[in-house]
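Participant: For the sequence shown, the numbering used here begins at 7 and goes up steadily by one.
Structure below; questions to follow.
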Amino acid sequence: MDLTLSAEDIAIQARARAFAESYLFPYELECEENGGLSAESLNTIRKAVLEHRLNAFNHAVEDGGQGYTHLQQMLIHEELGKATCGLWAVVWTASLPLKHGTPEQRRDYLFPSCAGRRRSCYAITEPEAGSDPRMVRTTAVRRNGKYELSGEKWFVTSADAADFLLVHAHVDGDSDKPTLFIVEKDLPGVIVKRIPKFMHTYVFEHYEMLFDKVVLDEAKILGGIGQGYELTKDWFVDARLEIAAHCVGAAIRATEIANDYAAGREQFGRPIRDFQAIEFMLADMAVEIMAGKTMLYRVGWEIDQGLDRKLVHARASVLKLFCSEMAGRVIDKAVQILGGRGYMRENPVERLYRDIRVDRIWEGASEIQRLVIAGQIKKRGLGVYTGWT
Ligand SMILES: Cc1cc2nc3c(=O)[nH]c(=O)nc-3n(C[C@H](O)[C@H](O)[C@H](O)COP(=O)(O)OP(=O)(O)OC[C@H]3O[C@@H](n4cnc5c(N)ncnc54)[C@H](O)[C@@H]3O)c2cc1C
């Protein structure tokens, strides 16, 4: 096994880092203070996304993307994850299930999304359906050759930036027919119910939405009736890997800031890093990051070698669980090392502390990842994690 980064990997990593440092970090305070960015700031960042060839970096060239390897995608996510206020979300990665669309759906939704002319958001969660999506009550009832969509969705991330939604609904109310529908946001019956506030300051909103008898053509079904879980699973796996990489990046940034501070801050006549309590925290932080990063690059490399889809699913849960919890522990220590300054919103470490809390909740909470991992151990044996195949 050779995990050395190629010259191309290093160039892509450097490009993503330069982008984050020049076009995300400088906008963090504007976002924190205003709860979002001005249209002008968003436009500047979006232009830079194209210039840095970061749009749709999760897709193959034939699907309208950049054709990067999975390892390269993780390197990019890691760099973007260093930014606070969810500014990485401005870098659009067209939703993966769209690549399974019909030629017309690819033309109307996938390619324009990759180019940045359109944007989707994903609506699965409901008041009664969170970790258990079989509890979804949104229905698509067949009537006169069309579908009538009705229901309520919560936490629809980036719904304000999107112009269409991928909505997970049960056809005819049958939980054995989970299906994804492409829903234009301006259709009659698509209603924004509420725009709640959250712990993090995020560049976009998380809407609560109502669908009141929204009429949809059959052509708006993505991937076929009953395919909802399969497509959503692909999206979950992708999102879990992305979260893991963001968390590694966030932990690295917080540790770098804490390390610099510990070297410069003097109390009791010497730099605080000379106190063992502080240097041991930094040591533990470095070890945690190395463990997460090693796992991340290993899995990225394995996917590029053609790792079986089921094993990718199994590994994605480990990565998401470990890296999100690791970032929580590491960034908590960074706040401690910075003392009162680590508690100020103007400090990136404070923002990272709030930002990464949700990574233990969305795209399958930590408990759900443990269920997946335990299930894999039962089904495939412990070796799926402790072995080396
Ligand atoms: C900021 C934010 C953005 C989001 N964006 C989106 C989005 O864009 N689209 C979307 O569809 N959803 C989105 N979500 C929803 C998110 O995916 C859910 O919050 C998550 O899946 C958990 O569901 P829940 O909140 O209903 O918690 P619940 O499922 O009610 O769980 C509550 C607690 O019980 C635990 N629990 C549940 N079942 C079990 C079990 N079997 N064993 C042990 N413990 C269990 C959970 O782990 C959790 O700790 C977002 C959420 C947030 C906070």
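Glycine is no exception: its CB is placed at the ideal position from the N, C-alpha and C atoms.
Throw me the rounded Cβ distance for the residue 264 and residue 344 pair, which I believe falls under 8 Å.
Facilitator: Indeed they touch by this definition, with Cβ atoms about 6 Å apart.
Participant: Quick check on the DSSP output: the alpha helix (DSSP H) that includes residue 157 runs from which residue to which?
Facilitator: Unbroken run through residue 157 is the beta strand (DSSP E), 152 to 163; no alpha helix (DSSP H).
Participant: Rounded to the nearest angstrom, what separates residue 133 and residue 157 at their Cα positions?
Facilitator: Distance between the alpha carbons of residue 133 and residue 157: 10 Å.
Participant: Given 8 Å as the limit, tell me if residue 174 has its C-beta closer than that to any heavy atom belonging to ligand 1.
Facilitator: Residue 174: yes, Cβ under 8 Å from ligand 1.
Participant: Does the Cβ of residue 127 lie closer than 8 Å to at least one heavy atom of ligand 1?
Facilitator: Indeed, a heavy atom of ligand 1 lies less than 8 Å from the Cβ.
Participant: What is the DSSP secondary structure of residue 290, counted as helix, strand or coil?
Facilitator: In the structure shown, residue 290 sits in a helix (DSSP, three-state: H, G or I).
Participant: Quick one: what's residue 149 bridged to in DSSP?
Facilitator: Beta-bridge pairing links residue 149 to 152.
Participant: Determine the direct distance from the alpha carbon of residue 349 to that of residue 368, and round the result to whole angstroms.
Facilitator: Cα-Cα distance, rounded: 24 Å.
Participant: Can you name the start and end residues of the beta strand (DSSP E) that residue 206 belongs to?
Facilitator: It is not in any beta strand (DSSP E) - residue 206 carries neither H nor E in the DSSP assignment.
Participant: Out of 395, 346, 324 and 363, which one is the CA nearest neighbour of residue 381?
Facilitator: When only C-alpha atoms are compared, the closest one is 324.
Participant: List the endpoints of the continuous beta strand (DSSP E) containing residue 215.
Facilitator: 212 to 222 is the extent of the beta strand (DSSP E) around residue 215.
Participant: In this structure, how does DSSP classify residue 172 when only helix, strand and coil are distinguished?
Facilitator: Here residue 172 sits in strand by DSSP.
Participant: I think residue 35 touches residue 352, with their Cβ atoms under 8 Å apart; what is that distance to the nearest whole Å?
Facilitator: Yes, they are in contact, since the Cβ atoms of residue 35 and residue 352 sit about 7 Å apart, within 8 Å.
Participant: With DSSP as the reference, label residue 233 as helix, strand or coil.
Facilitator: DSSP places residue 233 in coil when its eight states are reduced to three.
Participant: Report the residue from 48, 184 and 341 whose alpha carbon sits nearest the alpha carbon of residue 267.
Facilitator: Of the listed residues, the one whose Cα sits closest to residue 267 is 341.
Participant: Per DSSP, what kind of secondary structure is residue 200 in: helix, strand or coil?
Facilitator: Residue 200: strand per DSSP, three-state reduction.
Participant: When you compare each of 213, 194 and 142 to residue 203 by their alpha carbons, which one comes out closest?
Facilitator: Nearest option by C-alpha distance: 213.
Participant: Looking only at C-alpha atoms, which of 305, 287 and 205 sits nearest to residue 246?
Facilitator: It is 305.
Participant: Check whether the segment 116 to 125 and the segment 61 to 71 are in contact - that is, three or more C-beta pairs closer than 8 Å.
Facilitator: As far as the Cβ criterion goes, the segment 116 to 125 touches the segment 61 to 71, which means the pair count is three or higher.
Participant: May I ask whether a heavy atom of ligand 1 can be found less than 8 Å away from the beta carbon of residue 384?
Facilitator: No - ligand 1 has no heavy atom lying nearer than 8 Å to the Cβ of residue 384.
Participant: Using only CA atoms, which one of 15, 197 and 233 lies nearest to residue 182?
Facilitator: Checking every option, the nearest Cα to that of residue 182 belongs to 233.
Participant: Answer yes or no: the CB of residue 119 versus the heavy atoms of ligand 1, is any distance below 8 Å?
Facilitator: No - ligand 1 has no heavy atom lying nearer than 8 Å to the Cβ of residue 119.
Participant: Could you give the C-beta distance for residue 185 and residue 231, rounded to a whole number, given that I count them as a contact under 8 Å?
Facilitator: With a Cβ gap of about 5 Å, residue 185 and residue 231 count as contacting.
Participant: Quick one: what does DSSP say residue 78 is sitting in, helix, strand or coil?
Facilitator: Of the three classes helix, strand and coil, the one that applies to residue 78 here is helix, per DSSP.
Participant: Can you tell which of 169, 227 and 315 has its C-alpha closest to the C-alpha of residue 240?
Facilitator: Checking every option, the nearest Cα to that of residue 240 belongs to 315.
Participant: Who are the Cβ neighbours of residue 3 in its own chain at under 7 Å, not counting the five residues just before and after it?
Facilitator: As displayed, the chain neither begins before 7 nor continues past 395, which places residue 3 out of reach and without an answer.
Participant: Quick test of your reading: residue 257 and residue 336, contact by CB under 8 Å. State the CB separation rounded to the nearest angstrom.
Facilitator: Their Cβ separation, rounded to whole angstroms, is 4 Å, which keeps residue 257 and residue 336 in contact under 8 Å.
Participant: Once the 5 residues before and after residue 190 are set aside, which same chain residues still bring their CB inside 6 Å of it?
Facilitator: Only 170 meet the Cβ criterion.
Participant: I'd like to check one pair, residue 77 with residue 309: are the Cβ atoms closer than 9 Å?
Facilitator: Contact: yes.
Participant: Taking residue 11 as the reference, give the member of 218, 269 and 303 with the closest Cα.
Facilitator: When only C-alpha atoms are compared, the closest one is 303.
Participant: Hey, would you say the C-beta of residue 164 is under 8 Å away from at least one heavy atom of ligand 3?
Facilitator: Of the ligands this structure carries, namely ligand 1, none is ligand 3.
Participant: Does DSSP put residue 335 in a helix, a strand or coil?
Facilitator: Residue 335: helix per DSSP, three-state reduction.
Participant: To the nearest angstrom, how far is it from the Cα of residue 384 to the Cα of residue 320?
Facilitator: About 12 Å.
Participant: Residue 126 to residue 99, Cα distance in whole Å?
Facilitator: Each residue's alpha carbon lies about 10 Å from the other.
Participant: Taking a contact to mean a Cβ-Cβ separation below 9 Å, would you say residue 25 touches residue 142 in this structure?
Facilitator: Taking 9 Å as the Cβ cut-off, residue 25 and residue 142 do not qualify as a contacting pair.
Participant: Contact check, residue 95 vs residue 144 under 8 Å by CB: the rounded distance?
Facilitator: 24 Å between Cβ atoms; not a contact.
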